[in-house]
Each structure stands twice: as structure tokens, then as C-alpha cells.
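In our numbering, the protein residues as written are 15 to 167.
Here you go:
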């Protein structure tokens, strides 16, 4: 995507660009639209299968709490400033978490980065360790996605 961005930003300088790791086929509607998210999951799976299981458990707990109308439980455990109050709020929470997972996976370098947010070295490892260290899966999930949203570098 960086090469495509460079081409768009500097069309007078760049005649063409190859996007080696971008999901070009998916963006064009030609590939498997779920492959990117399977790859993100595989990054976390490669660190620890227990990490993926813990994340799934946390999402199931959110779903179960939502179905029971327990918005306060979700809001409290996830440390959300504005309380959830609708199905749309829960969907937005899922998207918010999904975006954190994708960014953490894409920025999983063995050194600190700050070009798309302040992330520690090996953020997949850091995030997995946070969720696995927490017996409360929702609080652990909040800590894991906080690696992306709450990091100050």
C-alpha cells in the first residue's frame, strides 16, 4: 500500500509501483475477501494458539453479554469511556478491536515503531502476553487492543 500511496501522492515522480504485500486482489474484489483476516489470525496463532483461543473466548463473552443486554458489563470490563447502549455500539466495538488486531499484525516488527502509531517491539507477542496473563478475558482483550490504541511509545 505504501507504493500505491507514493504513486498517488507523487504522480509526477512515480510512473508505476508494485505493492508487494498489499491486499490488492481483495481491494479490487477479485480475491478471497477473508484471506487478509486469516493472515492476521495466523500471526497471533504463530505466537501462541492459546492467544487466539483467549481472543475467541473474549469475543464470545462480549456476544453473550450483548445478547443478555449486559452493556454495562462490556463497557466496564473493556474500560470504555462512553457506555455501550445498542447493538450498533457493540458492532463498533468489534470493528474497533478488529482494526487494532490488523494494525498490530501489520506492524509486528522486532523493534519499536512510530510511523502508524507508537508500538512496542513485537506487538503481537506483547498483546498475547497481556491477554494470556489476565484471567478475565474481557479485561485481557482490552489490554491487548490497548497495545495499539493506548500506547505512548
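Yeah, the Cβ is synthetic: ideal placement off N, Cα and C, and Gly gets one too. Keep in mind it's a predicted model, so treat the numbers as computed, not measured.
For residue 46 and residue 119, believed in contact at Cβ under 8 Å, the rounded distance: Between residue 119 and residue 46 a beta carbon distance of about 17 Å is seen, past the 8 Å cut, so the two are scored as non-contacting.
Inter-residue Cα distance where the pair is residue 68 and residue 25: Rounded to the nearest angstrom, the two C-alpha atoms are 45 Å apart.
Could you spell out the range, first to last residue, of the alpha helix (DSSP H) harbouring residue 81? Boundaries of the alpha helix (DSSP H) around residue 81: 63-81.
Quick one: what's got a C-beta closer than 6 Å to residue 21's C-beta in the same chain, skipping five residues either side? Hits under 6 Å: 28, 31.
With 16 other CB atoms within 10 Å as the buried threshold, where does residue 115 fall? So residue 115 ends up on the buried side.
Using the three-state DSSP reduction, which class does residue 133 fall into: helix, strand or coil? Note: residue 133 maps to strand in three-state DSSP.
For residue 103, tell me which candidate among 150, 121, 77, 117 has the shortest Cα-Cα distance. With distances taken between CA atoms, residue 103 lies nearest to 77 out of 150, 121, 77, 117.
Can you check DSSP and say which residues form a bridge with residue 127? According to the DSSP secondary-structure assignment, residue 127 is paired through a beta bridge with 133.
Integer Cβ distance of residue 97 from residue 86, believed to fall under 8 Å: With a contact defined as Cβ atoms closer than 8 Å, residue 97 and residue 86 qualify at about 7 Å.
Integer Cβ distance of residue 133 from residue 162, believed to fall under 8 Å: That pair is a contact at about 7 Å.
Cβ neighbours of residue 66 in the same chain (closer than 8 Å, five flanking residues each side left out): Answer for residue 66: 55, 58, 59, listed in chain order.
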